[in-house]
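Asker: In my numbering, the protein residues as written are 20 to 236.
#1: Apart from the five residues just before and just after residue 179, which ones in its own chain have a Cβ nearer than 7 Å to its Cβ?
#2: If residue 193 and residue 227 are in contact, beta carbons under 8 Å, what's the gap, nearest whole angstrom?
#3: Given that a residue counts as buried once 16 or more other Cβ atoms are within 10 Å of its Cβ, and exposed if not, what is residue 142?
#4: Taking a contact to mean a Cβ-Cβ separation below 8 Å, would you say residue 210 touches residue 236 in this structure?
#5: Tell me, to the nearest whole angstrom, how far the beta carbon of residue 170 is from that of residue 105; I am working on the premise that it is less than 8 Å.
#6: Cutting at 7 Å between CB atoms, please list the residues of its own chain near residue 172, excluding the five before and the five after it.
#7: Beta strand (DSSP E) containing residue 204: first to last residue?
#8: Can you tell me whether DSSP reads residue 177 as helix, strand or coil?
#9: In whole angstroms, what is the alpha-carbon distance linking residue 217 and residue 131?
#10: At what residues does the alpha helix (DSSP H) containing residue 126 begin and finish?
#11: For residue 204, count the other beta carbons within 10 Å of its own beta carbon; 16 or more makes it buried, fewer makes it exposed. Which is it?
#12: Determine the contact status of residue 119 and residue 165, defining contact as a CB-CB distance below 8 Å.
#13: By how many angstroms is the C-alpha of residue 200 removed from the C-alpha of residue 212?
#14: Can you name, in chain order, every residue of its own chain whose Cβ lies under 7 Å from the Cβ of residue 3, other than the five neighbours on each side?
#15: Report yes if the C-beta distance between residue 230 and residue 101 is below 8 Å; otherwise report no.
Laid out in structure tokens, this is it:
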């Protein structure tokens, strides 16, 4: 049965290049480029080496993170990338290993706006970093971190997720500013709006603060 096109679908159709059809635009979002590893792979730090020894079975964790082109890691990155500079400063200020920088992305919930699009950094307790610094071992640091947040992830998944965040070549993340639209963000990054919108589940629901994955041009 034919149904009237929605405003969002009409807008997407208007943005198509010549020769494309509205039906194909709605049903065929842009093909996603396979995520690969960076060339500058970082060796495990002292915490990560100890975690790998204590929790060596990473097969299930890797299968979880690798599924569907590392979708879960890309979601972690979407939440973590805009907060990484602040977390790195806190990690360095408390003389913690580099891997500590990424623990908030795995431990704490991220605020969302619109249709569950990440919007803002996780609320990290003031004593999170100092408590990690007071841990007597890397293993204690891991269990302490897990005890802080509502996230229910195994130590195997957390330590594997941290390594993947550090070493995968992940998409650019754009934080939406006031007044921006799907079209203006697409022009800024040289990508099609009919890729950017479906990739992130946004169009006329765009809000300032949303984190968007930028597809490859």
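We put the beta carbon where it would ideally sit given N, CA and C, even for glycine.
Answerer: On the basis of the supplied data:
#1: In chain order, 77, 80, 81, 84 place their CB closer than 7 Å to the CB of residue 179, counting only its own chain and leaving out the 5 sequence neighbours on each side.
#2: Not confirmed; about 12 Å, so no contact.
#3: Answer is exposed; the Cβ neighbour count stays below 16.
#4: Less than 8 Å divides the Cβ of residue 210 from the Cβ of residue 236.
#5: Contact annotation, residue 170 with residue 105: C-beta distance approximately 19 Å; criterion of less than 8 Å not satisfied.
#6: If we look at residue 172 and ignore the five residues flanking it on each side, its Cβ neighbours are 125.
#7: For residue 204, no beta strand (DSSP E) run applies; the uninterrupted alpha helix (DSSP H) run containing it begins and ends at 201-208, by DSSP.
#8: In this structure, residue 177 counts as helix in the three-state DSSP scheme.
#9: Straight-line Cα distance between these residues: approximately 17 Å.
#10: Per DSSP, residue 126 belongs to the alpha helix (DSSP H) from 122-126.
#11: In the assembly as shown, residue 204 is a buried residue. Its beta-carbon has 16 or more other beta-carbons within 10 Å.
#12: A distance of 8 Å or more separates the beta carbons of residue 119 and residue 165.
#13: When only Cα atoms are considered, residue 212 and residue 200 end up about 10 Å apart.
#14: The question about residue 3 has no answer here: the residues shown for the chain are numbered 20 through 236.
#15: Going by beta carbons, residue 230 and residue 101 fall inside the 8 Å limit.
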